[in-house]
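**Q**
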Amino acid sequence: MYYVKLNKLLQAMMLSAPLILAGCSDDDDSSGPLGSDTRALNFVRVATLPVCTQINADCDTDTETAAEIVDVSEDGKTLIYTDSPRGVIGFVDITTPDAPAPLGTLDLAGEPTSVAVKGRYALVGVNTSASLADPSGKLAVVDIASRTLVTTIDLNGQPDSVAVSPDKAYAAIAIENERDEDVDDGRIDLSPQLPAGYLVVADISAADPAAWTTRDVELTGLASIAPTDPEPEYVDINSDNMAVVTLQENNHLVLVDLATASVTDHFSAGEVSLGQVDTVEEDIISQTGSLSNIVREPDGVTWIDSNHFVTADEGDMNGG
Numbered sequence: 300m301y302y303v304k305l306n307k308l309l310q311a312m313m314l315s316a317p318l319i320l321a322g323c324s325d326d327d328d329s330s331g332p333l334g335s336d337t338r339a340l341n342f343v344r345v346a347t348l349p350v351c352t353q354i355n356a357d358c359d360t361d362t363e364t365a366a367e368i369v370d371v372s373e374d375g376k377t378l379i380y381t382d383s384p385r386g387v388i389g390f391v392d393i394t395t396p397d398a399p400a401p402l403g404t405l406d407l408a409g410e411p412t413s414v415a416v417k418g419r420y421a422l423v424g425v426n427t428s429a430s431l432a433d434p435s436g437k438l439a440v441v442d443i444a445s446r447t448l449v450t451t452i453d454l455n456g457q458p459d460s461v462a463v464s465p466d467k468a469y470a471a472i473a474i475e476n477e478r479d480e481d482v483d484d485g486r487i488d489l490s491p492q493l494p495a496g497y498l499v500v501a502d503i504s505a506a507d508p509a510a511w512t513t514r515d516v517e518l519t520g521l522a523s524i525a526p527t528d529p530e531p532e533y534v535d536i537n538s539d540n541m542a543v544v545t546l547q548e549n550n551h552l553v554l555v556d557l558a559t560a561s562v563t564d565h566f567s568a569g570e571v572s573l574g575q576v577d578t579v580e581e582d583i584i585s586q587t588g589s590l591s592n593i594v595r596e597p598d599g600v601t602w603i604d605s606n607h608f609v610t611a612d613e614g615d616m617n618g619g
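So for the sequence shown, our numbering puts the first residue at 300; every next one is plus one.
1. So, is Thr-627 buried or exposed, given that buried needs 16 or more other C-beta atoms within 10 angstroms?
2. Just the C-alpha distance for Gly-614 and Thr-395, rounded to the nearest angstrom, thanks.
3. What are the start and end residues of each continuous beta strand (DSSP E) run of 3 or more residues lying completely inside the segment 379 to 416, in chain order?
4. Taking 7 Å as the threshold (beta carbon to beta carbon), is Thr-527 in contact with chain B?
5. Please list the terminal residues of the continuous beta strand (DSSP E) segment that includes Val-369.
6. In chain order, what are the residue ranges of uninterrupted beta strand (DSSP E) at least 3 long that sit wholly in the segment 417 to 478?
7. In the structure shown, what three-state DSSP assignment does Pro-494 receive?
8. To which residues does DSSP link Trp-602 through a beta bridge?
9. Three-state secondary structure (DSSP) at Ala-510?
10. Is it the case that the Cβ atoms of Leu-378 and Val-387 are separated by a distance below 7 Å?
11. Buried or exposed: where does Ile-603 fall if 16 or more other Cβ atoms within 10 Å of its Cβ makes it buried?
12. Pull up the DSSP beta-bridge partners for Leu-573, would you.
13. Please report the distance separating the alpha-carbon of Asp-459 from that of Leu-402.
14. Taking Ser-538 as part of the beta strand (DSSP E), name the residues at either end of that continuous run.
15. Identify whether Thr-545 lies in helix, strand or coil by the three-state DSSP scheme.
16. Is Gly-614 helix, strand or coil when you go by DSSP?
17. How many angstroms separate the CA atom of Val-609 from the CA atom of Asp-453?
18. With respect to the beta strand (DSSP E) encompassing Thr-563, which residues constitute its N-terminal and C-terminal limits?
19. Count the CB pairs spanning the segment 515 to 534 and the segment 493 to 506 that are closer than 8 Å, and state whether there are at least three.
20. Quick check: the Cα distance between Ala-510 and Arg-478, rounded to an integer number of angstroms?
21. Using a Cβ-Cβ cutoff of less than 6 Å, which residues in the same chain neighbour Ala-421 once the five nearest sequence positions on both sides are dropped?
22. From which residue to which residue does the beta strand (DSSP E) around Leu-552 run?
23. Would you decide whether Asn-355 is buried or exposed? Buried here means 16 or more other CB atoms lie within 10 Å of its CB.
24. Could you tell me whether the segment 547 to 555 touches the segment 577 to 588, where touching means 3 or more Cβ pairs closer than 8 Å?
25. With a cut-off of 8 Å on the beta carbons, I'd call Ala-366 and Val-343 a contact; round off their distance for me.
26. Secondary structure at Gly-322, three-state DSSP: helix, strand or coil?
27. Out of Ala-439, Thr-587 and Gln-353, point me to the one whose CA is closest to Leu-573's CA.
28. Quick one: Cα of Asp-507 to Cα of His-607, how far?
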């Protein structure tokens, strides 16, 4: 764990260790010092719904499916997920959490990459790129109750992550314009692959999605690694309408004020040395290796309060 001074009022915290969300165990047995509770925190699975049941109840199909990014309606009754292989988003009734029921899917004429909820709407990033060198995409606005497409907003690039601000006034969309890994092994530090990525800030305060507007925030010239080719991966928004954006392959983090659509700060994710890790690609997991001074290359990021955020440092291009 280490702390980074962002400005006089704001600090960011980045953790290299994984962050676990957990629920409390039903076991009331606790031991330890008087007044302490040592019950383990753990996940408790209440149900599983195979995505293929959206096709038929018996999953009698060879169609490839996947549930990747998920959000839930504000009333907590409907789950919305992206299914990239099929080019759809799926809906699940979770009114009774231990008995989820498929509600069907919606074809979005592209590859759904992320979803976030605002009121009655699901905001879905959809990749419509003809090729990696010719990226395009849209923000699809979907009515959750009727499971119909309301409108689309052109993003002019390939979207990855979508986030909605806590006050529902803004959405932020990371336009990655991802690299072709067959070109110089995807090393954008050696051969930048344009067009550059950027952040789209959408003003979604209007009740009618047709009145929503967007602004682009350039992210070039910030990172020391491939400064002409930023590749934003993930975005999250805090209660002050400040977005934090990971530039994974650039090993960089950027803070963007959504009200002004401007970069307020940015910094390198730095390097780390790791022990007891698996460093050899083989058929077993052997946590006996080590890595020294490798870039973190953060993927996911989330605010944990208005002043601190945590990153999931995946590594990718040059990282561990």
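Even for Gly, the Cβ is constructed at its ideal location relative to N, Cα and C.
**A** So, from the data block:
1. With the chain covering only 300 through 619, there is no way to say anything about residue 627.
2. 38 Å
3. 387 to 392 and 400 to 406
4. Note that chain B does not occur in the displayed structure, where there is just one protein chain.
5. 369 to 371
6. 420 to 426, 436 to 442, 447 to 453, 458 to 463 and 469 to 474
7. coil
8. Phe-608
9. helix
10. no
11. exposed
12. Leu-590
13. 25 Å
14. Neither: Ser-538 is in no beta strand (DSSP E) and is coded neither H nor E.
15. strand
16. coil
17. 30 Å
18. 561 to 567
19. yes
20. 33 Å
21. Ile-379, Val-414, Val-441 and Ile-443
22. 551 to 556
23. exposed
24. no
25. That belief does not hold up - the Cβ atoms of Ala-366 and Val-343 are roughly 19 Å apart, past 8 Å.
26. Here Gly-322 scores only 30 on pLDDT, less than 50, and its place in the model should not be relied on; the value that follows carries that caveat. Strand.
27. Thr-587
28. 33 Å
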